[in-house]
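According to the UniProt record's numbering, the residues represented by the sequence shown are 1 to 937, in order. First the structure, in the form of structure tokens, and then the observations on it.
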Amino acid sequence: MGLVRFLTKTPGIVAFLARSFLCIIGLLLTFSKPACKAFNLDVENPAVYSGPNGSYFGYAVDFYLSDSGSASVLVGAPKARTKQFNVTEGGSVFYCPWSSSQTDCHAIKFDLEGDRNVLLNDTNYQADFKSHQWFGATVRSHGDTILACAPLYSWRTKEDIPHSDATGSCYLSVENFTNFVEYAPCRTEISGPSGQGYCQGGFSAEFTKDGKVVLGGPGSYFWQGQVISAAKEDIIRAYYPGYFIQAVSGQIQTKQAHSLKDDSYQGYSVAAGEFSGDGVEGKSTNQVADTANLTNMTEYTGEQMGSYFGYAVATTDINSDGMVDLLVGAPMLMVRSSHGRLEEMGQVYVYLQRSPLKLESRLPLTGTQVFGRFGSTIAPLGDLNLDGFNDVAISCPFGGEDQQGLVYIYNGYSEGLRQKPSQVIRGQWAAGTIPASFGFALRGAKDLDMNGYPDLIVGAFGINKAILYRSRPIVNTSASLTVSPTMINPEEKNCILTTGNSSIPVEVQLDSHKHKQKGAVKRALFLDSQQPLLPMTVRLNHGQQVCQHKRIYLRDEKEFRDKLSSIYVALNFSLDPKAAADSHVTQLIIWGFLCFVFLFPWVLSDRKEVYLGDDNSLTLTFNARNEGEGGAYEADLYVVLPPEADYIGIARNNETLTQLTCSYETENQTRYLSCDLGNPMKSGTNVGLIRSSFFSILCFHSKNENNSHSEVVASKLEVIVKADVILQGVSRPDKVFFPPANWKLTKNYNVEVDVGPAVEHIYELVNNGPSRISHTLLELRCPFRVQGQTLLYPLEFSTEGPINCTADKNMNHRNLKVSDIQMNTSQGQMRQSQRVKISHHFPNCSTVDCWKVECNVGLLQKGTTAILKMRSRVWAETFTEVYILSCHPQVVTPVVWNKPDIENSVPLWIIILAILAGLLLLALLIYILYRVSTAVI
Numbered sequence: 001m002g003l004v005r006f007l008t009k010t011p012g013i014v015a016f017l018a019r020s021f022l023c024i025i026g027l028l029l030t031f032s033k034p035a036c037k038a039f040n041l042d043v044e045n046p047a048v049y050s051g052p053n054g055s056y057f058g059y060a061v062d063f064y065l066s067d068s069g070s071a072s073v074l075v076g077a078p079k080a081r082t083k084q085f086n087v088t089e090g091g092s093v094f095y096c097p098w099s100s101s102q103t104d105c106h107a108i109k110f111d112l113e114g115d116r117n118v119l120l121n122d123t124n125y126q127a128d129f130k131s132h133q134w135f136g137a138t139v140r141s142h143g144d145t146i147l148a149c150a151p152l153y154s155w156r157t158k159e160d161i162p163h164s165d166a167t168g169s170c171y172l173s174v175e176n177f178t179n180f181v182e183y184a185p186c187r188t189e190i191s192g193p194s195g196q197g198y199c200q201g202g203f204s205a206e207f208t209k210d211g212k213v214v215l216g217g218p219g220s221y222f223w224q225g226q227v228i229s230a231a232k233e234d235i236i237r238a239y240y241p242g243y244f245i246q247a248v249s250g251q252i253q254t255k256q257a258h259s260l261k262d263d264s265y266q267g268y269s270v271a272a273g274e275f276s277g278d279g280v281e282g283k284s285t286n287q288v289a290d291t292a293n294l295t296n297m298t299e300y301t302g303e304q305m306g307s308y309f310g311y312a313v314a315t316t317d318i319n320s321d322g323m324v325d326l327l328v329g330a331p332m333l334m335v336r337s338s339h340g341r342l343e344e345m346g347q348v349y350v351y352l353q354r355s356p357l358k359l360e361s362r363l364p365l366t367g368t369q370v371f372g373r374f375g376s377t378i379a380p381l382g383d384l385n386l387d388g389f390n391d392v393a394i395s396c397p398f399g400g401e402d403q404q405g406l407v408y409i410y411n412g413y414s415e416g417l418r419q420k421p422s423q424v425i426r427g428q429w430a431a432g433t434i435p436a437s438f439g440f441a442l443r444g445a446k447d448l449d450m451n452g453y454p455d456l457i458v459g460a461f462g463i464n465k466a467i468l469y470r471s472r473p474i475v476n477t478s479a480s481l482t483v484s485p486t487m488i489n490p491e492e493k494n495c496i497l498t499t500g501n502s503s504i505p506v507e508v509q510l511d512s513h514k515h516k517q518k519g520a521v522k523r524a525l526f527l528d529s530q531q532p533l534l535p536m537t538v539r540l541n542h543g544q545q546v547c548q549h550k551r552i553y554l555r556d557e558k559e560f561r562d563k564l565s566s567i568y569v570a571l572n573f574s575l576d577p578k579a580a581a582d583s584h585v586t587q588l589i590i591w592g593f594l595c596f597v598f599l600f601p602w603v604l605s606d607r608k609e610v611y612l613g614d615d616n617s618l619t620l621t622f623n624a625r626n627e628g629e630g631g632a633y634e635a636d637l638y639v640v641l642p643p644e645a646d647y648i649g650i651a652r653n654n655e656t657l658t659q660l661t662c663s664y665e666t667e668n669q670t671r672y673l674s675c676d677l678g679n680p681m682k683s684g685t686n687v688g689l690i691r692s693s694f695f696s697i698l699c700f701h702s703k704n705e706n707n708s709h710s711e712v713v714a715s716k717l718e719v720i721v722k723a724d725v726i727l728q729g730v731s732r733p734d735k736v737f738f739p740p741a742n743w744k745l746t747k748n749y750n751v752e753v754d755v756g757p758a759v760e761h762i763y764e765l766v767n768n769g770p771s772r773i774s775h776t777l778l779e780l781r782c783p784f785r786v787q788g789q790t791l792l793y794p795l796e797f798s799t800e801g802p803i804n805c806t807a808d809k810n811m812n813h814r815n816l817k818v819s820d821i822q823m824n825t826s827q828g829q830m831r832q833s834q835r836v837k838i839s840h841h842f843p844n845c846s847t848v849d850c851w852k853v854e855c856n857v858g859l860l861q862k863g864t865t866a867i868l869k870m871r872s873r874v875w876a877e878t879f880t881e882v883y884i885l886s887c888h889p890q891v892v893t894p895v896v897w898n899k900p901d902i903e904n905s906v907p908l909w910i911i912i913l914a915i916l917a918g919l920l921l922l923a924l925l926i927y928i929l930y931r932v933s934t935a936v937i
């Protein structure tokens, strides 16, 4: 990019303002095109290879560059059907020749046999099991040799005929598919989980630079795992068809360790790199071992259980210091989000090798997709942009829209890997019965199309595809921009320049300022297009230089506002996206710039304080005065508003102040008010503004060079918290009558109804505002015993709103069975805010034994309430007369004694005795009357 500016030279400001002018400005552009040395992966035109449905085609991928110069893609399909006799889903590896027009793939015939038998004691037994063996789950190439493995291959041991061991097995294809050799180093007599029976050899694999095979077997020795290595030449020499157990000369492997290493899964992933300083590559899982004897040289441990640290490993020199560095994936690592929750994001750890076996941990790369499994695969890519540092691809196979998968490209630099990816490749295929898993397999650092730049293969086994992304060169072009004349005199209109050749395409834009203001226009235009932007197109050849001259003129002065600042001319260029594939075309764009100056403001507020949460309306009066002798050009007022303030509008009820034209705008999350004070603002002019806001910072500026900066003036207000809090309560029922109906006194209290009548006290804390409150303390006390007699037996409580309560030990201390109607208790959210304390004390609790409930009230907004409900029972045994139960906060529950009816209160024996006495009295009266009547006669 080139950047030049030209200035206006005016013999007099009046003459400058009085007339328009036309001038020719020369634009000189010089281009050079060295050899291309940068590229992007071409995501618009990938080569897509498809395999059989359900075969997991794309589970493993690699390049194959034969000695004859042919190039192809290798794709593993571990669930593919084969023609092997009596084998189900044996798995295959496909060979896909590369060309710009052909994407056909063919299965490589590594193994044509079905399950093999062995003769023991004149009886044929099935010796191995190739169904569902996942052949093709691991694929690697080195020269004309291809290694393909079946980690779930099983075979029967002689010692234990009914059982089989998942030892795993691999095949080598050598001499361009003319010879196939089986290699199963875990198929030994050391069977069962305590030996190599569950080895799953070939679960991971790699070639060293010198052609040694490195296999990972994570299931050996009670899943301690192991790593096995041998030269491919020795493997080929040791192979003999029909022999299940082979002795490979020079083969080395890790040994069984202490039982503390059980379930370590060593060999889950492997990579080769030189770490010891002896010039010989070692292998790497989450350990670093020497390939000379596979002794453990150093070890790294993940920071989080279950993160799958070591799920993927890779080695490459990313900081270009000549030493191989180590990258370790932990795709299930949990990261705490901004909301405080742990989310599975995944990480890739970066270790820079500063000296042999001295690895320095750098800032890890963290995924951004929840459950995306970032770091499942790490693939060295070589130097993609030819900046001298190797780059890396990292997969996130379940990330992106609809879990279509993502692949991130990270560039290396002197301190490791850039934290932000330079390119993100997104899967374009929807999932079928399973996720597409785009990026589950990655392979790079090979130039398949022979254009001088490495390519990338991405596997997506969920949709049975492998995608080849080829590198795309980008032109490296330099440009220079020259403007002539550098100073413009509006009195002179005879600018003359000769024209150059017209073979260069450029796109140029002129702009006088980027300052946002109402009605702003571009001052300088191209004569050819009558626009501030001039697009052109050019084809550049290697080492070519091209020049172009263009005329630019200034608008009439009545059409623009800015008359003092410099006119900037900028140039930018890029590839033409519509150009042919073999052309390298640039586009050039020019940018504008801005400058600011200030005047002298003062501000006056009509209020000194506001209440938090209130509907505050604040009037601020601003006044500006031009105290200079001349006019202030492009004089503007800027009022910056804080996030807490809302702009209402301009008040126009003051006739003494000049009415202004203002606009309310937002830029980079900053809200401000921009007002035009005049162009020019004349000397001695007072300009004022009345507006409503909450808190403001303001300043004035103009384009004048002298005395054009004002002081920044702030309008600050005191913010006060004020809240009208009301506490009220009620008793339900408002009066308790005793004894209740059908109630019997008992000495054995088992359920709550044995105690006495129920009563509920409801307390409501109301915030009438205007401010919100939090951390309010509410304390409830009620009489429990007086002179040893229980008065009010508390059962349980419930809350509504942001309130959390705890009761003392007296709450249902007899553990009575309460009714089935449960009262829900909710805890309010506690937030840090203004602290308000409300404490009520029962004055008689010094003489009366009380029970207590303490409540913490959380954030209580204006107009909201917090409610406490208390369920209790009046202890009926105590009450023989009228009582007043008073709780504080003040809620009163009278207890009234009901006197019984007489007939219901006289014992039966008294009634019978009274009847008998009456009958006796009646008999005596009859007898006396009889005697009197007899005497008279």
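Ideal Cβ placement from N, Cα and C applies to all residues, glycine included.
By Cβ distance below 7 Å, which residues in the same chain neighbour residue i in space, the five residues on each side in sequence not counted?
i       : result
Thr-188 : Gln-196, Ile-245
Ile-926 : none
Using DSSP's beta-bridge definition, name the partner residues of residue i.
i       : result
Gly-51  : Gly-51 pairs with nothing; no bridge assigned.
Arg-772 : DSSP output for Arg-772 lists no bridge partner at all.
Ser-872 : Val-759, Pro-794
Arg-551 : Paired residue(s): none; Arg-551 is not in a bridge.
Gly-729 : Tyr-763
Val-719 : Val-610
Met-334 : Glu-344
Met-681 : Ala-632
Cys-662 : Cys-675
Among the options, whose alpha-carbon lies nearest the alpha-carbon of residue i?
i       : options                            : result
Leu-634 : Val-213, Pro-642, Ser-674          : Sequence inspection shows Glu at residue 634; the Leu mentioned does not correspond to that position. Nearest C-alpha to Glu-634: Ser-674.
Trp-875 : Pro-757, Trp-429, Met-305          : Pro-757
Phe-110 : Tyr-243, Pro-421, Phe-94           : Phe-94
Glu-665 : Tyr-300, Pro-770, Gln-304, Tyr-647 : Tyr-647
Gln-253 : Gly-217, Asn-124, Ala-866          : Gly-217
Mind reading off the beta-carbon distance from residue i to residue j? Whole number of angstroms is fine, and I expect it under 8 Å.
i       : j       : result
Ala-441 : Gly-462 : Going by Cβ atoms, the distance from Ala-441 to Gly-462 rounds to 11 Å, so no, they are not a contact pair.
Leu-400 : Gln-369 : The sequence as given places Gly at residue 400; Leu does not occur at that position. Yes, they are in contact, since the Cβ atoms of Gly-400 and Gln-369 sit about 7 Å apart, within 8 Å.
Leu-765 : Val-857 : 6 Å
Enumerate in chain order the residues of its own chain whose CB-to-CB distance from residue i is below 6 Å, with the five nearest sequence positions on each side excluded.
i       : result
Arg-671 : Leu-641
Leu-152 : Gln-133, Trp-134, Ala-166
Met-334 : Leu-342, Glu-344
Gln-861 : Arg-772
Arg-354 : Glu-360
Tyr-413 : Phe-389
Asp-849 : Phe-784, Arg-785
Give me the Cα-Cα distance between residue i and residue j, rounded to the nearest whole angstrom.
i       : j       : result
Leu-22  : Pro-535 : Unreliable placement is indicated for Leu-22, whose pLDDT of 35 sits below 50; no coordinate value is reported for it.
Leu-497 : Glu-559 : Reliability of the predicted coordinates at Leu-497 is poor, the pLDDT of 43 falling under 50, and the value obtained from them is presented with this limitation in mind. Distance between the alpha carbons of Leu-497 and Glu-559 is about 26 Å.
Cys-855 : Lys-744 : 36 Å
Tyr-553 : Leu-481 : 17 Å
Leu-327 : Cys-805 : 52 Å
Gly-729 : Val-853 : 15 Å
Ile-915 : Ala-923 : 12 Å
Gly-306 : Phe-374 : 14 Å
Cys-782 : Glu-718 : 42 Å
Arg-555 : Ser-337 : 54 Å
Asn-124 : Gln-404 : 49 Å
Does the beta carbon of residue i sit closer than 8 Å to a beta carbon anywhere in chain C?
i       : result
Gly-613 : No chain C appears in this structure, which consists of one protein chain only.
Which residues in the same chain have their Cβ closer than 8 Å to the Cβ of residue i, if we skip the five residues on either side of it in sequence?
i       : result
Asn-53  : Asn-464
Asp-234 : Val-248, Ser-249, Gly-250, Gln-251
Asp-528 : Leu-534, Lys-550, Arg-551
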